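Notes to accompany the following structure.
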Amino acid sequence: MARMLARMLALLLVGLATLPIPAAAQSLDRALIDEIITGHRLSQERAEAARRVLASLRFATQGVAGATRHPVSREQCQTEVLAAGRIPADPEAEAICGRPHMAPLVAAGRPRSEARVCIDRFEFPGLPCQYPVTWVTPREAQAVCRSMGKRLCDAAEWEGACAGSYAGPVDGGARDAHNRARRLVYAYGAQRRGDLCGFGIGKSPGCDRAIQTPGGDVRGQCGTNTAPAGWFHACVSASGVYDLHGNAAEHMNLPLSPAQRGSAGGQGVTEMKGSWFAFSRSATQLVHPDDCHWREPGWHRTTIDASNGHANYHLGFRCCADVR
């Protein structure tokens, strides 16, 4: 009984839904898929592949109707952030990465031209002022990234993008030792701030009850209450990557050996990186740390290609791409 109660409390605090995903399907609409293809300037071959994969995502959504309450509209973001020039264009990054909306990753002080990997500047769909896509498993996220000529990021790549310095691939080891030895840093600086990123937005009214109820309608009651990517334009790393704290948490690949690295196929285990919209703005009331190098304790950890991979209402992803 004590173990069951502890499990229920953990689900309430972290907000993690259980599989299988309940409620009716709500796949991505054609207009969004078209915008993804156009916004990323995919070739005809890539566009056809991406369209097939995106259309096959049965439960992926930017927010289930009736439960989701986005705090900011896309139109507000486009007017007050994009049109106001608060997200600067980066033609040098595009030239290095060979793709729009990506940032090259290098060690601090090194020229960006040395980058061998790039990361999406925005949570998928990877476009400014678009809402993050959630209810996607790691396997599905990997398929989406690959269809676009990319891949799911390794945990160390995400951490490097967040910290503003990427020294190269790192394979997973003892997470407790990693966490004790980590350098405490956030995308925006050395001290945690609750006013810069997408925190404190709040869960939907029926969400906690659904999480606590066995077989509860988590999908129908827990809205993806995110802001458009880049709305929190000060929540950006020195690498030029947005929303690495707050808004939506993100699936990443954690390689346990060189053969499992993203550049070698990306078949490690899953790791959740970052934090999400209902996280407290207060540094003293966090469910867990959300600094750049913190390694989560194995929630819902499966291999990336597992058919039973986890998905929920506050968990999205972003892609990386190797520079050839």
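Note that our numbering has the sequence shown beginning at -5, numbered continuously upward. By construction, the Cβ of each residue, glycine as well, lies at the ideal position given by its N, Cα and C atoms. In this text the structure is predicted, and so the values were computed from the model without any measurement.
What whole-angstrom Cβ distance do R145 and G57 have, given they're in contact under 8 Å?
-> No, R145 and G57 are not in contact; Cβ-Cβ is about 26 Å, not under 8 Å.
Next item on the list: With a floor of 3 residues, list each beta strand (DSSP E) that falls wholly inside the segment 237 to 311, ordered by position along the chain.
Entry: 243 to 248, 263 to 267 and 309 to 311
Original post:
Of the residues R45, E39 and R35, which one's Cα is nearest the Cα of A25?
Top reply: R45
Determine the burial state of N241: buried for a count of at least 16 other Cβ atoms within 10 Å of its Cβ, exposed for fewer. buried
Reduced DSSP secondary structure (H/G/I, E/B, other) of I30:
helix
Between the alpha carbons of P16 and M266, how many angstroms are there, rounded? Any reading at P16 is ruled out, since the residue's pLDDT is 40, under 50, leaving its predicted position unreliable.
**Prompt:** Under three-state DSSP, which class holds A135?
**Reply:** Reduced to three states, the DSSP call for A135 is helix.
request  = Can you tell me which of the three DSSP states I195 falls into?
outcome  = coil
May I ask which residues mark the beginning and end of the beta strand (DSSP E) holding D114?
V111 to D114 is the span of the beta strand (DSSP E), which, as asked, contains D114.
Kindly indicate which residue of F53, A149, H239 and G143 has the alpha-carbon position closest to the one of A41. Comparing alpha-carbon positions, the option among F53, A149, H239 and G143 lying closest to A41 turns out to be G143.
Fill in: Test item: CB-CB of I113 and C147 under 8 Å
A contact, by the Cβ cut-off of 8 Å.
- Item | Candidates H245, H287, T278 and G158: closest to V263 by CA position | H245
Worksheet item: Under 8 Å, do F311 and A135 count as touching if we go by C-beta distance?
Response: yes
Contacts around S198, its chain only, beta-carbon distance under 7 Å, and the 5 residues preceding and following it disregarded = Excluding positions up to five away in sequence, the list reads A61, R63, Q215, C216, G217 and N219.
- DSSP on D148, reduced to helix/strand/coil? If DSSP states are grouped into helix, strand and coil, D148 belongs with the strands.
Let me confirm a value: A87 is counted as buried when at least 16 other C-beta atoms fall within 10 Å, else exposed. Which label applies?
Buried.
| task | Using beta-carbon positions only, say whether P82 and C91 come within less than 8 Å of one another. | result | Here P82 is not near C91, since their CB atoms are 8 Å or more apart.
Can you name, in chain order, every residue of its own chain whose Cβ lies under 6 Å from the Cβ of R275, other than the five neighbours on each side? Within the same chain, R275 has close Cβ partners G188, F193 and G194.
Discussion item. Going by DSSP in three states, A315 sits in which element: helix, strand or coil?
Written reply: Judged by DSSP in its simplified three-state form, A315 adopts strand.
Please name the residue, chosen from D84, E117, P126 and C123, that lies closest to L106 on a Cα-to-Cα basis. For the sequence presented, residue 106 should be read as Arg rather than Leu. The shortest Cα separation from R106 among D84, E117, P126 and C123 belongs to D84.
- Roughly how many whole angstroms lie between the Cα atoms of S67 and L121? Near 15 Å, if we compare the C-alpha coordinates of L121 and S67.
Discussion item. Here's a check: name, in chain order, each residue in its chain whose Cβ is nearer than 7 Å to the Cβ of H239, leaving out the five neighbours to either side.
Written reply: For H239, where only same-chain residues beyond five positions count, the Cβ hits under 7 Å are Y180, A181, C191, C229, G268, S269 and D284.
Out of curiosity, what's the CA-to-CA distance linking W288 and A184? 14 Å
| query | What residue from R177, P65, A171 and P252 has the CA that sits closest to C123's CA? | reply | P65
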